[in-house]
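Inspection log for the structure reproduced underneath, given as structure tokens.
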Amino acid sequence: MKSGIKMQRNITELIEFVLLGFADVPHLQWLLFGLFLVIYIIIVMSNGIIFLITKLDPALQTPMYYFLGNFSFLEICYVSVTLPRMLMNLCTQRRTISLVACATQMCCILVLGATECVLLTVMAYDRCMAICNPLHYLLVMNHKICIQLVVGAWISGIPIQIGQTFQIFSLSFCGSNLINHFFCDIPPILQLACGDTFVNEMLVYIVAVLIVTIPFLLILISYSKIISTVLQLPSATTRGRAKAFSTCSSHLLVVFSFFGSASITYLRPKSIHSAGTDKLLSLFYTIMTPMFNPLIYSLRNKDVITALRKLLLRKMAKILHSVNFLPK
């Protein structure tokens, strides 16, 4: 009987993990639940509104807003992979996650993260073409090309990240099954693996360079061209300079916030990894960045504000119209 219990415990350790999350602050569980629930609602609603107005408003049917709409939809998907489970764990205090669910969550996070890197690069290329080559912009960035770029962004990371997830979860896990994180990320999972994980860590670095570093360098090249072109404009077009810099600065804020935190997470040496720092950085690029992105793009973009105002006025007009024609 005892050997059966022991065998059952060993099997349990192999097929499930425990996401500790914020278990170290038990007195703050309900406060954190309320906070993250509000954040999740804000992210879904704000990004959903931007996605909606980029599809409905005729004035926003341009490549720039086509990419922005897809980016907002991506942010909803990205945050929905981690936050609902974290909310469930905070609410029920049942922190177990099966090995398959953990691998699925990691794979989704990695694929969506790769998609975000490529899509941000595509958006930088779009701004580069619009500012540096305005006469041929609509010819080069036609609807067909825009669709191909977006589809490429969504599928480009799938084979690489599925392969990376498979090689990580093909490792043997022994000892503790406690993941000191709020979702299944690469660094805390590798800490639970048995034996030498040097090859796996090198593969993580290589993939991070391909997915994070190269797109970031391409973005920097695009913006160096943009800055060079804008500075060469005649002094009479100062207003055009200001508009160009305002449009691009919103995108740059998003780029530096996402790429900065992701690079520190996956490219820093293992020796300086700590659970607290990993959680903080992961909170930043998986939750805080998607929450602030709509504010960055909407508050600094007159076209988005105008489209949002028109949408609200249209909805209010419909409500008032329906009220006026209600039967007495």
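If you're matching positions, the sequence shown starts at 1 in UniProt numbering and goes up one per residue.
Where a beta carbon is used, it is the ideal one built from N, C-alpha and C, also for glycine.
Model, not experiment: these values are computed from the prediction.
Original post:
In angstroms, rounded to a whole number, what distance separates the CA positions of Met129 and Val151?
Top reply: 19 Å
Original post:
On the three-state DSSP scale, how would you describe Val122?
Top reply: helix
Original post:
Any idea which residues DSSP pairs Val18 with across the strands?
Top reply: Thr96 and Leu178
Original post:
What are the residues that DSSP puts in a beta bridge with Ala193?
Top reply: Phe173
**OP:** Please determine, among Val207, Phe173, Thr229 and Ile214, the residue with the shortest C-alpha to C-alpha distance to Cys194.
**Re:** Phe173
Subject >> Backbone secondary structure at Pro269 - three-state DSSP >> reply: coil
Original post:
Looking at the structure shown, is Ala23 part of a helix, part of a strand, or coil, going by DSSP?
Top reply: coil
**OP:** Evaluate Ile206 with the Cβ neighbour count: other Cβ atoms within 10 Å of its Cβ, from every protein chain shown; 16 or more gives buried, anything less gives exposed.
**Re:** exposed
**OP:** Count the other CB atoms, across all protein chains shown, that sit within 10 Å of the CB of Arg95; report buried if there are 16 or more and exposed otherwise.
**Re:** buried
Original post:
Taking C-alpha atoms, which residue in Gly260, Ser257 and Pro188 lies nearest to Ser176?
Top reply: Pro188
Original post:
Around the C-beta of Met88, are 16 or more other C-beta atoms found within 10 angstroms, so that it is buried, or is it exposed?
Top reply: exposed
Original post:
Curious, which full-length beta strand (DSSP E) runs of at least 3 residues does the segment 23-56 contain?
Top reply: none
**OP:** Please name the residue, chosen from Leu99, Pro84, Leu119 and Cys91, that lies closest to Leu218 on a Cα-to-Cα basis.
**Re:** Leu119
Original post:
Leu74 and Thr115: beta carbons closer than 8 Å?
Top reply: yes
Subject >> Neighbourhood of Lys2 by C-beta distance below 7 Å, restricted to the same chain and skipping five residues each side >> reply: Any answer about Lys2 is weak, because its pLDDT of 39 lies below 50 and its placement is not dependable; what the coordinates show is given next. So no residue of the chain qualifies.
Original post:
Leaving out five residues before and five after Tyr65 in sequence, what residues of the same chain have Cβ atoms less than 7 Å from its Cβ?
Top reply: Thr54
Original post:
Whose C-alpha, out of Met86, Leu83, Ala59 and Asn47, is nearest the C-alpha of Asn70?
Top reply: Asn47
**OP:** Flag this pair as touching only if the segment 286-293 and the segment 56-64 have three or more C-beta atom pairs under 8 Å; answer yes or no.
**Re:** no
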